[in-house]
Ligand SMILES: *[C@@H]1O[C@H](CO)[C@@H](O)[C@H](O)[C@H]1NC(C)=O
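Numbering (the numbering used here), first residue to last: 66 to 427.
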């Protein structure tokens, strides 16, 4: 595998490493992180060895970084005057209710700014005028709380390339029920779906909704990850082995791509674990996750269109996830440089264009 990283086929080392034992974890940084854990727990925490491991970790993570940046560049569609509107991505965002209108707006506008041509928001009736008033650039459908919401959305699916499900969804039973139906019709059409926030809450209640659907990408934070783990794996989580846990949850879901957001973002398709530790900032404002899910919605479409031959046989959705995480962190860093502690998600969204060019355009 031309990843330029370390390949580590972890062998079973008792219970702690049950997760790693299920698959070879490729990709330098992730593998070395696992190696570090393995060393710590094989009973001889040798400081010298650990130190070497960590310097190795840094070198490889830089090298990997360059490699992955190139893979993301490979999936970005080339600008062309011959294209018609919609070719670079028509994205749907499913979310927005009485309480939450910011999240679906952030996800939708991020998708547009990353390069989607059109973005549709499917939200509850009351949220629609609010979301429309934030931006004239979004197409807003006030249908999510209607009885036949899934059929209403289904009518639009032939025109969409991917769905982002969950930003500002809330936990109302009627809405969650509609979203369950929307996930079913999306799967039937083979549409890529990025699931975040209360969309993940729904998946934790009904894992069968996405079980084995390999065009789904889940983007849990720490709490959402624990909830999914509890729902799907049920046993205790090895808190010392984050990479192994992400790999294991992905496999348990039938190799659905899982992106665990955190101090470093870890993502797996059940075969590999990629790490994103692009510099961000200490600032964690609410809404950052929406920038990630919206940009991932677009990149997932681009990556699947490009196919594995353009992503060096790494799963296209994993490359898309890595690209969206890296972009989100770069936006955070750039916004923080200008605004410091007053940085908000709107400031980050303003940086999308510059951050994207800096990272992925040559
Ligand atoms: C998931 O990936 C692992 C590792 O490649 C493989 O052994 C397993 O069969 C896959 N599972 C499914 C459901 O595709």
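By construction, the Cβ of each residue, glycine as well, lies at the ideal position given by its N, Cα and C atoms.
No experiment lies behind these values; they were computed from the predicted model shown.
As far as DSSP is concerned, residue 288 takes part in no beta bridge.
Taken through DSSP and simplified to helix, strand or coil, residue 208 comes out as coil.
At least one heavy atom of ligand 1 lies closer than 7 angstroms to the C-beta of residue 319. Taking non-hydrogen atoms of ligand 1 into account, the C-beta of residue 316 is found less than 7 angstroms away from one of them. Straight-line measurement puts the Cα of residue 297 at about 24 angstroms from the Cα of residue 355.
With distances taken between CA atoms, residue 273 lies nearest to 319 out of 319, 216, 362. When DSSP states are grouped into helix, strand and coil, residue 177 belongs to the helix group. Burial state of residue 337 is buried, judged by a 10 Å Cβ sphere holding 16 or more other Cβ atoms. When beta bridges are read from the DSSP output, residue 260 appears opposite 230, 283. Residue environment analysis places residue 263 among the buried positions, since at least 16 neighbouring C-beta atoms fall within 10 angstroms of its C-beta. Rounded to whole angstroms, the Cβ separation of residue 418 and residue 171 is 16 angstroms, and the two are not in contact under 8 angstroms.
Around the Cβ of residue 405, a 10 Å sphere holds fewer than 16 other Cβ atoms; the residue is exposed. Around the CB of residue 226, 16 or more other CB atoms lie within 10 Å, so the residue is classed as buried. Residue 188 is positioned such that its CB atom lies closer than 8 angstroms to that of residue 161.
In the DSSP assignment, residue 355 falls within the unbroken alpha helix (DSSP H) covering 353-371. Under the three-state reduction of DSSP, residue 330 is assigned to strand.
In the structure shown, residue 414 falls within a helical segment according to DSSP collapsed to helix, strand and coil. Not one heavy atom of ligand 1 is found less than 7 angstroms from the C-beta of residue 163.
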